[in-house]
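Heads up: the sequence shown begins at 48 in our numbering, then just goes up one per residue.
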Amino acid sequence: MNKYLALILLGVLQMCVGQLAWAECDINPSTLTYNVGALYIPQDAPVGSTIGIRKYSVNKGVTCTTSTLFTAQGNVLSAKVGSVPVAVGKGLGESVYSTNIPGVGAIVNYDGGVGYWCRVGDSTFPISIESCGPGGSWAVAGISIFLVKTGPIGAGSHDFNGLEIYSFDINNGSGPERWATGVLNGSITVAGCSLPQETGNIVDVPMGTWERRVFNGPGTTTTTQNFSITLNNCLAGTYVSGQAWNYFQGNNANIRLEGVRGSAIVDAGNGVMGLNAESTAKGVAVQVLKQDGTPLPLGVDTPVMPVRDGVTTLQFGARYIQTAGSTIGPEPGVANATANFTITYK
Numbered sequence: 048m049n050k051y052l053a054l055i056l057l058g059v060l061q062m063c064v065g066q067l068a069w070a071e072c073d074i075n076p077s078t079l080t081y082n083v084g085a086l087y088i089p090q091d092a093p094v095g096s097t098i099g100i101r102k103y104s105v106n107k108g109v110t111c112t113t114s115t116l117f118t119a120q121g122n123v124l125s126a127k128v129g130s131v132p133v134a135v136g137k138g139l140g141e142s143v144y145s146t147n148i149p150g151v152g153a154i155v156n157y158d159g160g161v162g163y164w165c166r167v168g169d170s171t172f173p174i175s176i177e178s179c180g181p182g183g184s185w186a187v188a189g190i191s192i193f194l195v196k197t198g199p200i201g202a203g204s205h206d207f208n209g210l211e212i213y214s215f216d217i218n219n220g221s222g223p224e225r226w227a228t229g230v231l232n233g234s235i236t237v238a239g240c241s242l243p244q245e246t247g248n249i250v251d252v253p254m255g256t257w258e259r260r261v262f263n264g265p266g267t268t269t270t271t272q273n274f275s276i277t278l279n280n281c282l283a284g285t286y287v288s289g290q291a292w293n294y295f296q297g298n299n300a301n302i303r304l305e306g307v308r309g310s311a312i313v314d315a316g317n318g319v320m321g322l323n324a325e326s327t328a329k330g331v332a333v334q335v336l337k338q339d340g341t342p343l344p345l346g347v348d349t350p351v352m353p354v355r356d357g358v359t360t361l362q363f364g365a366r367y368i369q370t371a372g373s374t375i376g377p378e379p380g381v382a383n384a385t386a387n388f389t390i391t392y393k
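Have a look at this one:
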């Protein structure tokens, strides 16, 4: 009987010791909300692009009067994405974690604090922080959240909807206790345009009929014929300026022209494309120009202009250019060139 009573009393004593230990730390668990606002990313921005950076000043502290060391552990509450070639901080590519938006990852960084603490490890979550001695106080002074593209993001707008992004636990020697939870609000919208469907995305450029005598040697040209490509339902978005390090600068419409049906690229840098297989003329090609009259590079994504809300019209020009060495011009005949064009937004 005495043995039984002794065991019961010991159990009660252990419970009281645990409560006393926690009573020596002022935990006060709370939720810290971070609103990133309305962010945009161009439809074809490369993986690793920074969508947004938000730095927050946080007033959240803990004070312990215990005679033992205490620790704080910060964790991201989602799965690690893996290695991502991030534009911001090349060394942060291994610290990207998934969010509730497919294709969007987050990096959480601790920006330092005040009080009686010593950092263990780096500042990117997950992090471990330990008091420098028994008792003392510690506070979070700042948290930075980096949002990056980790893969394809669906069209339209996507909300974080109060996503629990990170946690901080305090351990005073009796096991961890939740001290703070970081919650993410705001949205990310994919910006771009659409092409008119009724035309089948085909652009015909009438080049006209020209006499041989218009040409008088290699590199001589006809008059430029203007043409345009219209983009509908455009959403431009808003972006931070002065980020030359990022993988995109605003939302620009880009075009890539590639020859098909026998039209080979003759001089990519000068926008010169050969005639297609159905053509009969010889010693002549087609040169494609930007709106300002300079050659449009072929076979590569070339920025044309910033996207505008609603309708964005891309302006170009085309002209015949002599490629043969004859001083009397190219051989007459049908002279058509055919190219596929791809529009991207980044």
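Glycine included, each C-beta is placed from N, C-alpha and C at the ideal position. Just so we're clear, the structure is a prediction, and the values are computed from it rather than from any experiment.
Going along the chain, which residues of its own chain have a beta-carbon closer than 6 Å to the beta-carbon of residue 393, five neighbours each way excluded? Result list for residue 393: 89, 91, 92, 295, in chain order.
Would you identify the three-state DSSP class for residue 161, choosing helix, strand or coil? Because the pLDDT of residue 161 is 49, which lies under 50, any placement of that residue in the model is unreliable, and the question is left without a value.
Residue of 368, 199, 158 minimising C-alpha distance to residue 121: It is 158.
Quick check: residue 100 and residue 193, are their CB atoms within less than 7 Å of each other? Between residue 100 and residue 193, the gap from beta carbon to beta carbon is short of 7 Å.
Once the 5 residues before and after residue 336 are set aside, which same chain residues still bring their CB inside 8 Å of it? Closer than 8 Å at Cβ, skipping near neighbours: 271, 318, 342, 343, 363, 364, 365, 366.
For residue 386, count neighbouring C-beta atoms within 10 Å of its own C-beta (all shown protein chains included) and say buried if the count is 16 or more, exposed if not. Residue 386 counts as buried, since no fewer than 16 other beta carbons sit within 10 angstroms of its beta carbon.
Can you say whether residue 275 is buried or exposed, counting buried as having 16 or more other CB atoms within 10 angstroms of its CB? Counting the other CB atoms within 10 Å of its CB gives residue 275 a total below 16, which places it among the exposed residues.
Distance CB(residue 350)-CB(residue 279) smaller than 7 Å: No; because the gap between Cβ atoms is not below 7 Å, this pair is not in contact.
For the structure I just gave you, are there three or more beta carbon pairs, one from the stretch 102-112 and one from the stretch 195-210, closer than 8 Å? Segment contact: the stretch 102-112 against the stretch 195-210, fewer than three CB-CB distances shorter than 8 Å; contact not assigned.
Between which two residues does the beta strand (DSSP E) carrying residue 87 extend? Counting along the chain, the unbroken beta strand (DSSP E) around residue 87 starts and ends at 77-89.
Mind checking who residue 301 pairs with in its DSSP beta bridge? Beta-bridge partners of residue 301 (DSSP): 350, 391.
In this structure, how does DSSP classify residue 381 when only helix, strand and coil are distinguished? Three-state result, residue 381: coil.
Pick helix, strand or coil for residue 361, following the three-state DSSP scheme. Here residue 361 sits in strand by DSSP.
Inter-residue CB distance, residue 123 and residue 212 (contact presumed, cutoff 8 Å): Rounded to whole angstroms, the Cβ separation of residue 123 and residue 212 is 7 Å, and the two are in contact under 8 Å.
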